[in-house]
Amino acid sequence: MAAQATSVWTLEEGEVRKPGIVHIVALALFTGIGIVVGTFGSLAIPIGFVSAFWPGQAIQAVGSVWYGMWGGIAAFVFPLISNAMSGSAPLPVSLAYIPGNFVQGIAAGWVFRQFKLDPSLKTAKDWLGFTLVGILAANAFGAAWGTTVLRIFGLITPDAHLVAWVGWFLGNSVASWVLGVLLLKFISPLVVKTKAFCKGYWA
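If you use my numbering, the sequence shown corresponds to residues 4 to 206, in order.
Following this line, the structure appears as structure tokens:
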């Protein structure tokens, strides 16, 4: 099982992978999907500037697992548009969210490559890595960054900071774990066979 997981990320003999148009297409596709899912999540169960159920983070995490840095880029691009469409955050706030969104997106891609985890979640190690780093750690940081941005911009009070963090963390984590698991478990076997799949961060 371990060898099978390693082979997903290991270049075969003579294999050369380079960034190409297929990765630009993947970036555009995931950005588009993220806009739709992110906008829906922001509108569905809003709690002030926080969503109680934001499945957009699943798109962020899965995107980086499959498409490396291209998924990481999509992770901070699509919220700029979905936030504008849903009215959940002014543009300056959305721009300030970028570092948090990037970390939320790239964390899962990093842990899968670093520890040679299988995107199809075939072992307990795969599940643990995705849950602890791709979901919990990523969203703990993202929620801390996002709520700090809201506080700096005067959109939440110091007293509301912790409550906003908890809402942000739970709203992202629950939605992204449920949707992320489904995508990784059932779609990954197809994605890893495509040319767009990135064994490294760019190709």
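Built from N, CA and C at the ideal position, the CB exists for glycine as well. Here the structure is a predicted model, which is why all the values come from computation and not from measurement.
Own chain, CB closer than 7 Å to residue i, minus 5 neighbours either side, in chain order
i: W12; result: R116, K119, K202
i: K198; result: V25
i: F172; result: N142, A143, A146
i: G23; result: none
i: Y263; result: A query on residue 263 cannot be resolved here, the shown segment of the chain reaching from 4 to 206 and no further.
Close Cβ partners of residue i (< 8 Å) along its chain, the five nearest in sequence each way excluded
i: S97; result: P82, L83, N86, A87
i: F33; result: I62, G66, Y70, W73, G74, A77, F81
Reduced DSSP category for residue i - H, G, I as helix; E, B as strand; rest coil
i: S123; result: coil
i: V11; result: helix
i: V152; result: helix
i: V19; result: coil
Residue j beta carbon less than 8 Å from that of residue i
i: W168; j: T150; result: yes
i: S54; j: I109; result: no
i: N175; j: A147; result: no
i: V25; j: A99; result: no
i: G41; j: G59; result: yes
i: D185; j: F133; result: A quick correction: the sequence has Leu, not Asp, at residue 185. No, the pair does not count as a contact, with Cβ atoms beyond the cut-off.
Residue span of the alpha helix (DSSP H) that contains residue i, given as start and end
i: R116; result: 94-117
i: Y204; result: From DSSP, Y204 is part of no alpha helix (DSSP H); its letter is neither H nor E.
i: P82; result: 59-89
i: P192; result: 164-194
Close beta carbons around residue i, own chain, < 6 Å, minus the five adjacent residues each side
i: V106; result: F144
i: F79; result: I101, N104, F105
i: V194; result: W69, F200
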